[in-house]
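2 protein chains.
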Amino acid sequence: MLERITNQKQIILNYLEKNKSHPSAEEVFLNVKKILPRISLATVYRNLEQFAQTGKILEINGATKRFDGDISDHQHFICNSCGTVYDIFCKFPSAKNFKNHNHKIGKIENYQILFYGTCKKCKK
Amino acid sequence: MLERITNQKQIILNYLEKNKSHPSAEEVFLNVKKILPRISLATVYRNLEQFAQTGKILEINGATKRFDGDISDHQHFICNSCGTVYDIFCKFPSAKNFKNHNHKIGKIENYQILFYGTCKKCKK
DNA sequence: TATCTAATTAGGAATAATTACTAATAATAA
DNA sequence: TTATTATTAGTAATTATTCCTAATTAGATA
Chain A
1062 MLERITNQKQ IILNYLEKNK SHPSAEEVFL NVKKILPRIS LATVYRNLEQ
1112 FAQTGKILEI NGATKRFDGD ISDHQHFICN SCGTVYDIFC KFPSAKNFKN
1162 HNHKIGKIEN YQILFYGTCK KCKK
Chain B
1062 MLERITNQKQ IILNYLEKNK SHPSAEEVFL NVKKILPRIS LATVYRNLEQ
1112 FAQTGKILEI NGATKRFDGD ISDHQHFICN SCGTVYDIFC KFPSAKNFKN
1162 HNHKIGKIEN YQILFYGTCK KCKK
């Protein structure tokens, strides 16, 4: 399916490119509404998803919370296709420097690395 | 407030420690229910949050989706207190090795590092 | 061991976040 | 222009999470 350029898309994308506040979908909606008063929230959600999938924007956080009883030092791989979360036990040397680092923004108390891709099960 | 040990807490924690599937709250609820048929979903949510805050378990993903129109190479710092998302432009040398790495689980197409802490505004 | 008290619980209502549906609209190809 | 079909507005439905309240119970104390 060919992708069409609409006014709504252009204004949403333009808002995100100019705005550095990492807005939620609701916040994008409220702000874009100032320019396009009749835009629908569903349109915002649909386009944000499309933009994220085509690499035009980044998606931070999101999805359902998941929990892990294993608190040892490891990271996670999330399959874009089936959503399964896998453990990654590889060590990342520079990662240790992250913890307790005093960044100008604040002290880093914790961090997690989320890897995305398609798992081998889904590749088949 | 002193923290009390309840049957519900023990069984939830025990389930998470034995289970490597990174379950959602709903999944924890359904499985713990097999042992405690009368447990409430709210109890599961409440305890999962408490466990995560006291470092007994890890919380993966979650929270409202946020979007960033800046797709340049950078990471994010999320304030545990006010939820604000900040950009972190520091370079992490080993990070470059992540992308396109063929892990046994699948090919890493993308990754993001989420840093958590309290931002300086909230520290005051 | 009985009693007290505050943390915790079950159950359900309420809210927040996201997705699905449908008829109308509009972008682009012919 | 016209035809085709992606996209949209508006809203309903669904999913995820939090809030509320009376009843229960863990653990401290008598």
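Here the protein sequences line up with chains A and B, keeping their order.
Position one of the first sequence corresponds to residue 1062 (the working numbering), numbered consecutively onward.
Position one of the second sequence corresponds to residue 1062 (the working numbering), numbered consecutively onward.
Glycine included, C-beta positions come from ideal geometry on N, C-alpha and C.
Predicted model only: the values in this text are computed from it and were never measured.
is_contact[residue i, chain A] using C-beta, thresh 8 angstroms
i       : result
B/D1092 : According to the sequence provided, residue 1092 of chain B is Asn. The question's Asp does not apply to it. By this cut-off, B/N1092 is not an interface position.
B/C1143 : no
B/K1185 : no
B/I1169 : yes
B/I1066 : no
B/T1179 : yes
CB contact check: residue i to chain B, cutoff 8 angstroms
i       : result
A/I1174 : yes
A/K1157 : no
A/F1150 : no
Residues of its chain near residue i, where Cβ-Cβ distance is below 6 angstroms and the 5 sequence neighbours each way are ignored
i       : result
A/K1070 : N1108
B/E1110 : none
A/T1104 : Q1069
B/L1119 : none
A/E1087 : none
Cβ neighbours of residue i in the same chain (closer than 7 angstroms, five flanking residues each side left out)
i       : result
A/F1150 : H1135
A/I1072 : V1093, I1096 and L1097
B/S1085 : none
Presumed contact (8 angstroms Cβ cut-off) between residue i and residue j, rounded CB distance
i       : j       : result
A/N1122 : B/K1126 : 6 angstroms
B/Y1147 : A/F1176 : At roughly 22 angstroms, the Cβ-Cβ gap does not stay under 8 angstroms, so B/Y1147 and A/F1176 are not in contact.
B/H1164 : A/F1138 : 7 angstroms
A/I1169 : A/N1161 : 7 angstroms
B/E1064 : A/G1130 : Not a contact, Cβ separation roughly 18 angstroms.
Contacting residues, own chain, Cβ-Cβ under 8 angstroms from residue i (five flanking each side not counted)
i       : result
A/F1128 : none
B/N1080 : N1092
A/H1083 : I1121
A/F1159 : I1169 and Y1172
A/F1090 : I1100, L1102 and V1105
Heavy atom of the ligand MN within 7 angstroms of residue i beta-carbon
i       : result
B/F1128 : Looking at this structure, you won't find the ligand MN or any other ligand, since it has none at all.
### Message
Across the region 1173-1182 of chain B and the region 1141-1159 of chain B, are there enough close Cβ pairs to call them in contact, namely three or more that are closer than 8 angstroms?
### Response
yes
### Query
Which of the residues in the region 1070-1095 of chain A, read from start to end, lie with their CB under 9 angstroms from any CB of chain B?
L1074, N1075, Y1076, L1077, E1078, K1079, N1080, K1081, S1082, H1083, P1084, S1085, A1086, E1087, E1088 and V1089
### Task
Please list the residues of the region 1115-1135 of chain B that have a C-beta atom closer than 8 angstroms to any C-beta atom in chain A, keeping them in chain order.
G1116, K1117, I1118, L1119, E1120, I1121, N1122, G1123, A1124, T1125, K1126, R1127, F1128, D1129, G1130, D1131 and I1132
### Message
If contact is defined by three or more beta carbon pairs under 8 angstroms, each pair taking one atom from either stretch, is the region 1099-1115 of chain A in contact with the region 1095-1106 of chain B?
### Response
no
### Task
Can you give me, in chain order, the residues of the region 1097-1110 of chain A that have a beta carbon less than 8 angstroms from any beta carbon in chain B?
L1109
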